[in-house]
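In our numbering, the protein residues as written are -7 to 182. Here's the structure we're looking at; comments come further down.
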């Protein structure tokens, strides 16, 4: 939507824009009084349009939830990140025999194995993912963290993979792992 006074490209003409320096200067340059500001007509139209969309729901909503709903109607939906073109697969001939053996050990009817390229270890890690975690999630991209050591058994860190419902990795991160003292105490008692 374009402001009829200052030609600014806007999603909605609101009072903040009407009170801005740029808008007021454009009014002054065009010799238009603030009372006759044509943008005020758009401000009223925008409010009416929003009120029409939520009319009838007013009794059910609190003031905060109505504001949130109006904001949701005005805000564009954030698209999902694109799937990566190249992904690791079980058919990949570069996998070592130990990785292939590990995949055979953890692959089952209830578990899907996802191959993750751990940037910290510099190795391909087979990560067992319970299928129900993905299938039952309402999220389109599900974050799952997997804690492991490097090949020396010293560098404990976590891989977080964001999987879609096809078990494709949308993005991945690694991070250090810090355990709560309560977990360490409980583990030593067991």
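Beta carbons are placed, not taken as given, at the ideal position from N, Cα and C, and that holds for glycine. Predicted, not measured: the structure shown is a model, and the values here were computed from it.
Proximity winner among the options, relative to residue i (alpha-carbon distances)
i: residue 110; options: 10, 27, 154 and 165; result: 165
i: residue 88; options: 104, 118 and 71; result: 118
i: residue 163; options: 17, 107, 92 and 174; result: 107
i: residue 113; options: 104, 149, -1 and 174; result: 149
i: residue 134; options: 98, 157, 170 and 14; result: 157
i: residue 18; options: 98, 136, 116 and -4; result: -4
Where residue i sits in the DSSP three-state scheme
i: residue 157; result: coil
i: residue 146; result: coil
i: residue 90; result: helix
i: residue 163; result: strand
i: residue 21; result: helix
i: residue 98; result: helix
i: residue 13; result: helix
i: residue 175; result: helix
Cα-Cα separation between residue i and residue j, rounded to whole angstroms
i: residue 159; j: residue 126; result: 8 Å
i: residue 34; j: residue 5; result: 7 Å
i: residue 94; j: residue 1; result: 57 Å
i: residue 154; j: residue 161; result: 6 Å
i: residue 21; j: residue 30; result: 14 Å
i: residue 139; j: residue 120; result: 11 Å
i: residue 12; j: residue 26; result: 12 Å
i: residue 123; j: residue 3; result: 42 Å
i: residue 147; j: residue 175; result: 19 Å
i: residue 151; j: residue 171; result: 15 Å
i: residue 100; j: residue 143; result: 25 Å
i: residue 102; j: residue -6; result: 55 Å
i: residue 32; j: residue 131; result: 41 Å
First through last residue of the alpha helix (DSSP H) which encompasses residue i
i: residue 127; result: 123 to 127
For residue i: DSSP bridge partner residues
i: residue 29; result: According to DSSP, residue 29 bridges with nothing at all.
i: residue 110; result: 115
i: residue 105; result: 120
Cβ-heavy atom distance, residue i to the ligand ADP, below 7 Å
i: residue 3; result: The ligand ADP is absent from the structure shown, which contains no ligand whatsoever.
Limits of the beta strand (DSSP E) - the one that residue i falls within
i: residue 5; result: Counting along the chain, residue 5 falls outside any beta strand (DSSP E), and DSSP gives it neither H nor E.
i: residue 136; result: 134 to 140
Beta carbon proximity, residue i to chain B, threshold 8 Å
i: residue 20; result: In the structure shown, chain B does not exist; there is a single protein chain.
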